[in-house]
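In terms of numbering that gives the first Met the number 0, the sequence shown has 126 at position 127, counting the first letter as 1, and numbering is strictly consecutive. Structure first, commentary second.
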Amino acid sequence: MTIGIWILGDQLWADQAALASAANAPVIFIESHSHSTQRPYHRQKLVLVWSAMRHFAEELKAQGRAVTYQMATDFAPPLRQWIEQENITELRVMEPADRPFSRLLKTLQLPCPLTLVPNNHFLWSADEFKQWADGRNSLLMESFYREGRKRYGILIEGSPKKPKPVGGQWNYDKENRKPPKKGINPPAPQWFKPDAITQQVMASVAAVDTFGDLDSFGWAVTRTQALAVLDYFIHVRLATFGPYQDAMVTGEDTLWHALLSPYLNIGLLHPLEVIQAAERAYHEDDVPLNSVEGFIRQVLGWREYMRGLYTYVDEDYPSGNYFDHHQPLPEFFWTGDTPMNCLHQSIDQAKRTGYNHHIQRLMILSNFALIAGLSPQAVESWFHAAFIDAYDWVMQTNVIGMGLFADGGVLATKPYAASANYINRMSDYCKGCQYNPKVRTGDDACPFNYFYWDFLARHRNKLQHQGRMNFILKNLDKMSQEEYKAVRDNATQWRQRN
Ligand SMILES: Cc1cc2nc3c(=O)[nH]c(=O)nc-3n(C[C@H](O)[C@H](O)[C@H](O)COP(=O)(O)OP(=O)(O)OC[C@H]3O[C@@H](n4cnc5c(N)ncnc54)[C@H](O)[C@@H]3O)c2cc1C
Ligand code: SF4
């Protein structure tokens with residue numbers, strides 16, 4: 000019996016389950032260029048994945064593995080050829096993280112059986128998440144996160160029977176919402192000069208007709224480089240990550256954020272090593288608990304929760320449209336060419352780097368899409384094309400669920416909808432904008448304001464069932480008929496123009 004292993008582009012880790020299951024088995028990588036044109040991807044994401052695949056293939060070769068690296072238009076023909084050439088009798092693949100790819104695997108007609116090895120690139124398996132979720136009235140992230148802290152013994156003290164959170168609190172989020180101060184000085188992010196392999200990939204990606212700049216590519220493409228980014232984050236950025244986690248500053252694309260999602264999502268880093276590195280920084284280097292806990296909550300809490308939920312919800316989750324929104328995506332999402340400075344800054348940054356931090360994604364981009372009534376599916380497709388770390392498993396729950404509430408509240412307890420007030424408090428974007436963040440109607444008015452109130456009014460019936468919206472709806476009720484008409488006219492005119 001000869002086992003062969005097919006390594007997918009987001010499984011680039013020496014201990015991944017399929018590789019670990021057969022120590023000396025030959026492996027194959029396939030760069031499928033037609034797969035990458037089925038929907039648009041950011042140019043830098045194509046470079047990241049293909050360059051990291053080529054580097055990982057070289058590393059495995061250096062360790063003595065028999066490696067075949069194929070560039071092909073499709074997956075099936077090179078697989079069939081390799082299976083026959085190498086006399087492979089069982090093809091092993093680690094379970095794909097994305098459902099569309101799992102479906103694709105079922106359509107391959109191969110000359111030998113294909114075995115799916117359980118994915119060990121997340122902490123929680125789909126079955127474990129199901130056991131946690133089944134029978135619960137609500138799937139609150141906070142309950143899941145606390146369970147994860149106990150399960151993995153992270154920032155936990157006390158006896159195993161009575162585990163307690165280190166510091167006495169489970170969550171330090173209240174200390175992590177500082178607006179940006181004048182003169183803050185975040186450390187420059189760590190970028191890497193493209194080596195010969197990356198340059199070769201960049202040359203081939205230059206011809207792909209898709210979104211995003213190519214020349215500024217500086218992402219890590221090997222595990223060694225990704226570990227260097229992790230180390231730099233832990234020792235230089237983590238201490239200040241917490242307080243300014245939600246801040247947005249012109250010209251500071253990354254502030255104190257980790258920049259780790261691209262590497263976690265393709266297997267260059269494992270979530271447990273990232274979590275444990277942060278925990279060590281608390282115990283050994285006195286890094287403040289609000290920053291350490293805040294970061295660990297992102298990886299052990301949000302990341303695992305989003306993936307668990309993705310495996311738990313029905314296959315039709317991506318088609319959700321709770322608010323029945325159908326406005327097409329405005330052209331400026333592809334160009335960044337809009338007088339709304341917050342959107343201009345965020346989209347321009349996505350074009351240059353493939354990266355926005357969480358609050359830009361949530362409170363600028365998807366908030367605008369939600370209150371302006373853009374089609375959730377068009378918005379999800381855009382997010383998929385715009386980001387270096389975009390994958391189906393992380394995109395569906397974040398965009399359809401968290402960002403747009405298109406799942407009707409499976410994930411979030413209320414929609415993340417906000418007016419210019421929030422953006423003005425948490426960023427410096429409004430200072431450089433032609434609109435006035437304090438004005439609701441008229442030519443000067445910030446579109447986030449009239450869309451926000453229009454959104455609340457249009458969906459009042461649905462929103463009043465979300466308990467946490469009652470206070471806000473009371474403010475809506477105080478609005479005069481005259482002002483509401485002006486709000487609606489502004490919103491309608493904008494939609495007609497775009
Ligand atoms: C609308 C929307 C779309 C998003 N799209 C993606 C995406 O395509 N890919 C992606 O990896 N993340 C996505 N996120 C989550 C989050 O914004 C990014 O993981 C984060 O901005 C990545 O940057 P960082 O590594 O500097 O993160 P940090 O802010 O430093 O956070 C640390 C880590 O926590 C994890 N994390 C935090 N929140 C989430 C979350 N909600 N879901 C999954 N992981 C999380 C990431 O691995 C991240 O690296 C999205 C969030 C929203 C609201
Ligand atoms: S005024 Fe409105 S559109 Fe302009 S930056 Fe502020 S929130 Fe964005």
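Heads up, the beta-carbon is just placed ideally off N, CA and C, and yes, glycines get one too.
Any non-hydrogen atom of ligand 2 within 7 Å of residue i CB
i, result
"I422", "yes"
"Y428", "yes"
"N366", "no"
"M478", "no"
"Y434", "yes"
"N340", "yes"
"P446", "yes"
"A246", "no"
"A419", "yes"
Length of the line joining the Cα atoms of residue i and residue j
i, j, result
"V273", "I233", "9 Å"
"F74", "D230", "36 Å"
"A503", "H383", "The first residue shown for the chain is 0 and the last is 497, placing residue 503 beyond what the model contains."
"L373", "Q297", "27 Å"
"I155", "P162", "6 Å"
"P25", "P117", "19 Å"
"Y262", "N474", "44 Å"
"P338", "F331", "10 Å"
"L268", "L259", "8 Å"
"W333", "S345", "11 Å"
"N435", "Q326", "24 Å"
"A257", "V235", "10 Å"
"I265", "L11", "6 Å"
"A368", "V378", "7 Å"
"D347", "G335", "5 Å"
"A17", "R494", "50 Å"
"A411", "I2", "44 Å"
"G152", "P179", "34 Å"
"Q80", "Q130", "41 Å"
"G167", "Y144", "16 Å"
"S20", "A132", "30 Å"
"R148", "K60", "38 Å"
"V207", "S380", "18 Å"
"G441", "P329", "21 Å"
"E157", "S142", "Sequence check: residue 157 is Gly here, not Glu. Taking the straight line from one Cα to the other gives about 19 Å."
Heavy atom of ligand 1 within 7 Å of residue i beta-carbon
i, result
"Q297", "yes"
"F470", "no"
"N289", "no"
"V235", "no"
"M394", "yes"
"M305", "yes"
"V398", "yes"
"M401", "yes"
"G377", "According to the sequence shown, residue 377 is Ala rather than Gly. Every heavy atom of ligand 1 is 7 Å or more from the Cβ of A377, so no."
"S345", "no"
"F454", "no"
"D388", "yes"
Where the beta strand (DSSP E) through residue i begins and ends
i, result
"L439", "Strictly speaking, residue 439 in this sequence is Arg, with Leu absent from that position. First-last for R439: undefined, no H or E at that position."
"M93", "E89 to M93"
"F28", "V26 to S31"
"L410", "Note, L410: premise wrong, no beta strand (DSSP E); not H, not E."
"A71", "V66 to A71"
"V116", "L113 to V116"
"W5", "I2 to I6"
Bounding residues of the alpha helix (DSSP H) (the contiguous stretch that carries residue i)
i, result
"E58", "R42 to A61"
"M425", "A419 to M425"
"V235", "Counting along the chain, V235 falls outside any alpha helix (DSSP H), and DSSP gives it neither H nor E."
"V517", "Any answer about residue 517 is impossible in this case: the structure gives the chain only from 0 up to 497."
"F100", "R98 to T106"
"M201", "A195 to V204"
"I82", "A75 to Q84"
**At least 3 beta-carbon pairs within less than 8 Å: the region 350 to 361 vs the region 237 to 255** = Yes, they touch.
**Item:** Start-end ranges of the alpha helix (DSSP H) lying completely within the region 261 to 349, minimum 4 residues
**Value:** Scanning the region 261 to 349 for uninterrupted alpha helix (DSSP H) segments of 4 residues or longer gives 270 to 284, 288 to 295, 303 to 311 and 331 to 334, listed from N- to C-terminal end.
**Prompt:** What runs of the alpha helix (DSSP H), each 4 residues or longer, lie entirely inside the region 346 to 381?
**Reply:** Runs found: 366 to 371.
**Request:** Taking only runs that begin and end inside the region 134 to 178, name each unbroken beta strand (DSSP E) of 3 or more residues, in chain order.
**Result:** The qualifying runs are 155 to 157 and 162 to 164.
**Message:** I want to know whether the region 402 to 420 touches the region 446 to 455 - three or more CB-CB distances under 8 Å.
**Reply:** Taking 8 Å as the limit for Cβ pairs, the verdict is that the region 446 to 455 does touch the region 402 to 420.
**Prompt:** Would you say the region 41 to 56 touches the region 208 to 228, given that touching needs at least three Cβ pairs under 8 Å?
**Reply:** With a cut-off of 8 Å, the region 208 to 228 and the region 41 to 56 count as touching, because enough Cβ pairs lie within range.
**Prompt:** Is the region 395 to 406 in contact with the region 306 to 316, if contact means three or more CB pairs nearer than 8 Å?
**Reply:** With the cut-off at 8 Å, the region 395 to 406 and the region 306 to 316 touch.
**Message:** Under 8 Å, with one C-beta from each stretch per pair, do the region 281 to 293 and the region 362 to 372 reach the 3-pair mark?
**Reply:** The region 281 to 293 makes no contact with the region 362 to 372; the number of CB pairs closer than 8 Å stays below 3.
**Request:** Examine the Cβ distances between the region 61 to 81 and the region 16 to 31 and report whether three or more of them are shorter than 8 Å.
**Result:** Output reads yes: the region 16 to 31 touches the region 61 to 81.
**Request:** Would you list, in sequence order, the uninterrupted alpha helix (DSSP H) runs of no fewer than 4 residues that lie entirely inside the region 443 to 477?
**Result:** Listed in chain order, the complete alpha helix (DSSP H) runs (minimum 4 residues) inside the region 443 to 477 are 446 to 457, 459 to 462 and 469 to 476.
**Prompt:** With a cut-off of 8 Å, do at least 3 Cβ pairs link the region 109 to 127 to the region 90 to 97?
**Reply:** When Cβ pairs closer than 8 Å are counted between the two stretches, the region 109 to 127 is seen to touch the region 90 to 97, the count reaching three or more.
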